[in-house]
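J.: Here full-length UniProt numbering is used: the first residue of the sequence shown is 1, the next is one more, and so on. The beta carbon of each residue, even a glycine, is placed where N, CA and C say it ideally should be. Here it is, the structure, as structure tokens.
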Amino acid sequence: MGNITKQWAIPIYMKLILTFLTILTPLFGLSLAMNEYGSSSVRTEITRSMQSKVHFYNKSLENEFSRIIRIIKEFTSYEDLDYLSHRSEIMGVFEKRTRIQDIQKELIFIKSSSHLILSAEVHVTSIDRTISDGGYDSIPRDRFDALNIVTNIYESPFIHWEDRLFISLPFPITPNNLQPDFVVDVEIDKEKLRQDFLEFTDSASGNVVWTDQERDWEISAQESGSLGMAAQLSDEAGVRSIVGQGRNYLVAYEKSGVLGTTLMMYEDEKTLLGPLRLHRIGFWLLSGLSLLLIVGVSFTVYRLIRQPLKTLIRGFRKIEQGDLNVSFEYRGHDEFKYLYGQFNAMTRNLQQLIDEAFAQKYRAQNAELRQLQSQINPHFLYNSLFILNRLAKKSRDQTQIDFTKYLSDYFHFMTRNSSNEVTLAEEVRHARNYVEIQTIRFAGHIETRFDPLPDEWVSIRVPRLILQPIVENAYKYALEQHERGGKLRVAFEHIDGDAVIRVEDNGERIGPQDIHRLRQRLNDFNISQETTGLVNLHRRLVYRFGPHYGIALSGGTEAGLSVSVRLPMNNETIEKTEG
Numbered sequence: 001m002g003n004i005t006k007q008w009a010i011p012i013y014m015k016l017i018l019t020f021l022t023i024l025t026p027l028f029g030l031s032l033a034m035n036e037y038g039s040s041s042v043r044t045e046i047t048r049s050m051q052s053k054v055h056f057y058n059k060s061l062e063n064e065f066s067r068i069i070r071i072i073k074e075f076t077s078y079e080d081l082d083y084l085s086h087r088s089e090i091m092g093v094f095e096k097r098t099r100i101q102d103i104q105k106e107l108i109f110i111k112s113s114s115h116l117i118l119s120a121e122v123h124v125t126s127i128d129r130t131i132s133d134g135g136y137d138s139i140p141r142d143r144f145d146a147l148n149i150v151t152n153i154y155e156s157p158f159i160h161w162e163d164r165l166f167i168s169l170p171f172p173i174t175p176n177n178l179q180p181d182f183v184v185d186v187e188i189d190k191e192k193l194r195q196d197f198l199e200f201t202d203s204a205s206g207n208v209v210w211t212d213q214e215r216d217w218e219i220s221a222q223e224s225g226s227l228g229m230a231a232q233l234s235d236e237a238g239v240r241s242i243v244g245q246g247r248n249y250l251v252a253y254e255k256s257g258v259l260g261t262t263l264m265m266y267e268d269e270k271t272l273l274g275p276l277r278l279h280r281i282g283f284w285l286l287s288g289l290s291l292l293l294i295v296g297v298s299f300t301v302y303r304l305i306r307q308p309l310k311t312l313i314r315g316f317r318k319i320e321q322g323d324l325n326v327s328f329e330y331r332g333h334d335e336f337k338y339l340y341g342q343f344n345a346m347t348r349n350l351q352q353l354i355d356e357a358f359a360q361k362y363r364a365q366n367a368e369l370r371q372l373q374s375q376i377n378p379h380f381l382y383n384s385l386f387i388l389n390r391l392a393k394k395s396r397d398q399t400q401i402d403f404t405k406y407l408s409d410y411f412h413f414m415t416r417n418s419s420n421e422v423t424l425a426e427e428v429r430h431a432r433n434y435v436e437i438q439t440i441r442f443a444g445h446i447e448t449r450f451d452p453l454p455d456e457w458v459s460i461r462v463p464r465l466i467l468q469p470i471v472e473n474a475y476k477y478a479l480e481q482h483e484r485g486g487k488l489r490v491a492f493e494h495i496d497g498d499a500v501i502r503v504e505d506n507g508e509r510i511g512p513q514d515i516h517r518l519r520q521r522l523n524d525f526n527i528s529q530e531t532t533g534l535v536n537l538h539r540r541l542v543y544r545f546g547p548h549y550g551i552a553l554s555g556g557t558e559a560g561l562s563v564s565v566r567l568p569m570n571n572e573t574i575e576k577t578e579g
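Printed below as a string of structure tokens:
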């Protein structure tokens, strides 16, 4: 079946698969397009939701800190603070204490105005004291120096110092770094911001990060921080897919021109878009399963067709090899039952026709054989009798005895017609008798070499007169013309498990072109002329043993012609003549 399949570019199995794929591919394509459209829509909604959240919370931070800055600005105009910073030296103890307490109340108010304020303080340089919402102490110089910085409170109000975040406002703003009257600072509660950011996130894999645009500080809901992704945000706002620490994150961000900060929110794409990926994986798994089903169904259908077809092809192969005893039984009740029935009928008809043709040809060959047996060469008979006459005039010797024995055996074999087949030993003995007779006839002119017959060949059954006619042709057409130096050899060889008898002469009357024409006549079974000699012999062997056997022609080793007769080693059948 494999060899048959190779004769076509696309076998039936592949055609079945391609047919199913042609039908289902548009459906899969439509499903894939719908799946991708749905995934794209969901992703768009997710990014839009993230951007909306970031924008809302960024505006909330802007509003909250703008309000805090406004309160701080209003506090710098507080009357008690102005009196304390400019007239503390002329105040009495009671008045000074009263004004300090009033300032503390204002600071407590500032602190309570927003949950994002951790503490509120004012550093009064004239009295070298710091008034806070919770106490009264000397000015801490390191903190004062860090916060006594003039900033654009409306664009970048935050000061980062010792991992703490402040909004500071010196008053008044003096040139040449002169010491201000006081410095108001508010510390931002970073922990409260983290808690707010935690409430702002939707999942444990997400994070909210708030950082200044120089990235000197950041506040993150999770310990992971910005993962270095803040440096990759160049636009004012947007949603991007960014790689951080080897993982893909979907980042929504927005910059604030009011606060000089960037608020970013990111989610692990694998977690955020996990359901979409699962849906896509499910689609491809379904596609793969469908493909396997297509292959399986196609294979099942293919086997339903292949097995009966394989049996039929095996039957045709046997017929091609010459075996017509082929018959199949099909148990099903479909179209193959009809095909099997017609196949069986065809083999029966072929067998009958071949038997009739073979019997007719074989009878014709037997008739030719009988005719050949009756046609003894008159010239040979005349010469043999003439030699016998000459020998008779001489005294009796061993040569005359041998010659008469050879001649007697020869005529005895030629006139015997009890069987169409003999053993190879009998056939070789007859040919050897003929050679011995000719050796006496051409004494000193022709050198003959007749190898002994191998023992395992003795019982091989062959048609009568397959070797002697070949030897006779060698004498008649090649050796009789030699006055001296004629050579004849009969050899026996094993070739590919077959018995091969080779008859070779060194005649000079035949060339390569003659041998080629003889081969053509030998293998042309439709020649409508008299069938004699080698052609007749070759046909008899082919009809008897098959096309693998018969006669082959080639040039001899010393010019001349080499005739090889190939016979099967295991043939032991003897066919009797009719009647």
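Roughly how many angstroms separate the alpha carbons of S66 and K270, rounded to a whole number?
T.: In the sequence shown, residue 66 corresponds to position 66, counting from 1. In the sequence shown, residue 270 corresponds to position 270, counting from 1. Distance between the alpha carbons of S66 and K270 is about 37 Å.
J.: In whole angstroms, what is the alpha-carbon distance linking T130 and N63?
T.: By one-based count along the sequence shown, residue 130 stands at place 130. By one-based count along the sequence shown, residue 63 stands at place 63. Straight-line Cα distance between these residues: approximately 28 Å.
J.: What are the start and end residues of the beta strand (DSSP E) that includes V503?
T.: As a working mapping, residue 503 is identified with position 503 in the sequence shown. That run of the beta strand (DSSP E) goes D498 to D505.
J.: How is the beta strand (DSSP E) around T211 delimited, first residue to last?
T.: Here the question's residue 211 lines up with position 211 in the sequence shown. Looking at the DSSP string, the run of the beta strand (DSSP E) that includes T211 is N207 to D212.
J.: Are the CB atoms of L107 and D189 nearer to each other than 7 Å?
T.: Within the sequence shown, numbered from 1, the residue matching residue 107 stands at position 107. Within the sequence shown, numbered from 1, the residue matching residue 189 stands at position 189. It is not a contact, given that the beta carbons lie outside the stated cut-off.
J.: What number of angstroms, rounded off, separates the C-alpha of G244 from the C-alpha of L285?
T.: Counting from one through the sequence shown, the residue named residue 244 turns up at place 244. Counting from one through the sequence shown, the residue named residue 285 turns up at place 285. Near 30 Å, if we compare the C-alpha coordinates of L285 and G244.
J.: Tell me the DSSP secondary structure of L286 in three-state form.
T.: For the purposes of this step, residue 286 is taken as residue 286 along the sequence shown, with counting starting at 1. In the structure shown, L286 sits in a helix (DSSP, three-state: H, G or I).
J.: How about S132 and S88: are their beta carbons less than 7 Å apart?
T.: For the purposes of this step, residue 132 is taken as residue 132 along the sequence shown, with counting starting at 1. For the purposes of this step, residue 88 is taken as residue 88 along the sequence shown, with counting starting at 1. No, the Cβ-Cβ distance between S132 and S88 is not below 7 Å.
J.: Comparing alpha-carbon positions, which option in E79, P547, Y549 and R540 lies nearest P469?
T.: Start at 1 with the first residue of the sequence shown, and residue 469 comes out as number 469. Comparing Cα-Cα distances from P469 to each of E79, P547, Y549 and R540, the minimum goes to R540.
J.: Rounding to the nearest angstrom, what Cα-Cα distance links I527 and K361 in this structure?
T.: In the sequence shown, residue 527 corresponds to position 527, counting from 1. In the sequence shown, residue 361 corresponds to position 361, counting from 1. Residue placement at I527 is poorly supported in this model, since its pLDDT is 46, which falls under 50; the coordinates are not used for a value here.
J.: I'd like to check one pair, G555 with G507: are the Cβ atoms closer than 7 Å?
T.: By 1-based counting over the sequence shown, the position of residue 507 is 507. By 1-based counting over the sequence shown, the position of residue 555 is 555. The answer is no: Cβ separation not under 7 Å.
J.: According to DSSP, what are the bridge partners of V183?
T.: The residue you call residue 183 lines up with position 183 of the sequence shown. V183 pairs with H123 and P170.
J.: Give me the DSSP bridge partner(s) of P137.
T.: For the purposes of this step, residue 137 is taken as the residue at position 137 of the sequence shown. Contrary to the premise, residue 137 reads as Asp rather than Pro in this sequence. D137 is bridged to T130.
J.: Just curious, the alpha helix (DSSP H) that Y253 is in, first and last residue?
T.: Counting from 1 along the sequence shown, the entry for residue 253 is found at position 253. That residue, Y253, is in no alpha helix (DSSP H); its beta strand (DSSP E) goes R247 to S256.
J.: Rounded to whole angstroms, what's the CA-CA distance from E191 to Y57? Just pull it up for me.
T.: What you label residue 191 is simply residue 191 of the sequence shown in a count that begins at 1. What you label residue 57 is simply residue 57 of the sequence shown in a count that begins at 1. In a straight line, the C-alpha of E191 is about 17 Å away from that of Y57.
J.: Do you know how far the Cα of V208 is from the Cα of I281?
T.: For the purposes of this step, residue 281 is taken as the residue at position 281 of the sequence shown. For the purposes of this step, residue 208 is taken as the residue at position 208 of the sequence shown. Approximately 30 Å between the Cα atoms of the pair.
J.: Mind checking S327: buried by the 16 CB within 10 Å criterion, or exposed?
T.: Within the sequence shown, residue 327 is the residue found at index 327, counting from 1. Burial call: exposed.
J.: Taking all protein chains shown into account, do 16 or more other C-beta atoms lie within 10 angstroms of the C-beta of A499, making it buried, or fewer, making it exposed?
T.: For the purposes of this step, residue 499 is taken as the residue at position 499 of the sequence shown. Buried is the call here.
J.: Cα-Cα, which of I68, T47, L467 and Q520 is closest to D268?
T.: Along the sequence shown, one-based indexing puts residue 268 at 268. Of I68, T47, L467 and Q520, the residue nearest in Cα terms is T47.
J.: Just grab the DSSP bridge partners of W161 for me.
T.: In the sequence shown, counting from the first residue as 1, residue 161 sits at position 161. Answer is R164, bridged to W161.
J.: By a C-beta neighbour count over all protein chains shown, 10 Å radius and 16 as the cutoff for buried, is residue 583 buried or exposed?
T.: The structure shown does not extend to residue 583, since the chain is modelled only from 1 to 579, so the question has no answer here.
J.: Below 7 Å between beta carbons: does that hold for P463 and F492?
T.: For this step, residue 463 is matched to residue 463 along the sequence shown. For this step, residue 492 is matched to residue 492 along the sequence shown. Against a cut-off of 7 Å, the Cβ pair of F492 and P463 comes out as no contact.
J.: Quickly, what does DSSP pair E421 with across the bridge? List them, please.
T.: Mapped onto the sequence shown, residue 421 falls at position 421. Note: E421 sits in a beta bridge opposite P463.
J.: Residues in its own chain within less than 6 Å of N349 by CB, not counting five upstream and five downstream?
T.: Your numbering for residue 349 matches position 349 in the sequence shown. Closer than 6 Å at the Cβ level, and outside the excluded window around N349, lies no residue.
J.: Would you please verify whether the beta carbon of L84 is less than 7 Å from any beta carbon of chain B?
T.: Of the protein chains in the structure, only one exists, and it is not chain B.
J.: Just the C-alpha distance for V102 and A252, rounded to the nearest angstrom, thanks.
T.: Here residue 102 is taken as the residue at index 102 of the sequence shown, counted from 1. Here residue 252 is taken as the residue at index 252 of the sequence shown, counted from 1. Residue identity differs from the one stated: residue 102 is Asp in this sequence, not Val. Roughly 45 Å separates the two Cα atoms.
J.: Is the number of C-beta pairs between the region 473-490 and the region 538-553 that are closer than 8 Å three or more?
T.: no
J.: If you check the beta carbons only, do H123 and F144 fall under 7 Å apart?
T.: Here residue 123 refers to the residue found at position 123 when the sequence shown is read from its first residue. Here residue 144 refers to the residue found at position 144 when the sequence shown is read from its first residue. The answer is yes: Cβ separation under 7 Å.
J.: Starting from G238, trace the beta strand (DSSP E) both ways and give me its first and last residue.
T.: Counting from 1 along the sequence shown, the entry for residue 238 is found at position 238. Its beta strand (DSSP E) spans residues A237 to G244.
J.: Leaving out the 5 sequence neighbours to the left and right, which residues in its chain are closer than 7 Å to T19 when beta-carbon positions are compared?
T.: As a first step, residue 19 is located in the sequence shown; it is residue number 19 there, counting from the start. Here the set comprises nothing.
J.: In three-state terms, what does DSSP make of I527?
T.: As a first step, residue 527 must be located in the sequence shown, where it is residue number 527. Low confidence applies to I527: its pLDDT is 46, below 50, so where it sits in the model is not reliable enough to give any reading.
J.: Tell me, to the nearest whole angstrom, how far the beta carbon of T347 is from that of I387; I am working on the premise that it is less than 8 Å.
T.: The count along the sequence shown starts at 1 and reaches residue 347 at position 347. The count along the sequence shown starts at 1 and reaches residue 387 at position 387. Not quite, the Cβ-Cβ distance comes to about 58 Å (not below 8 Å), so this is no contact.
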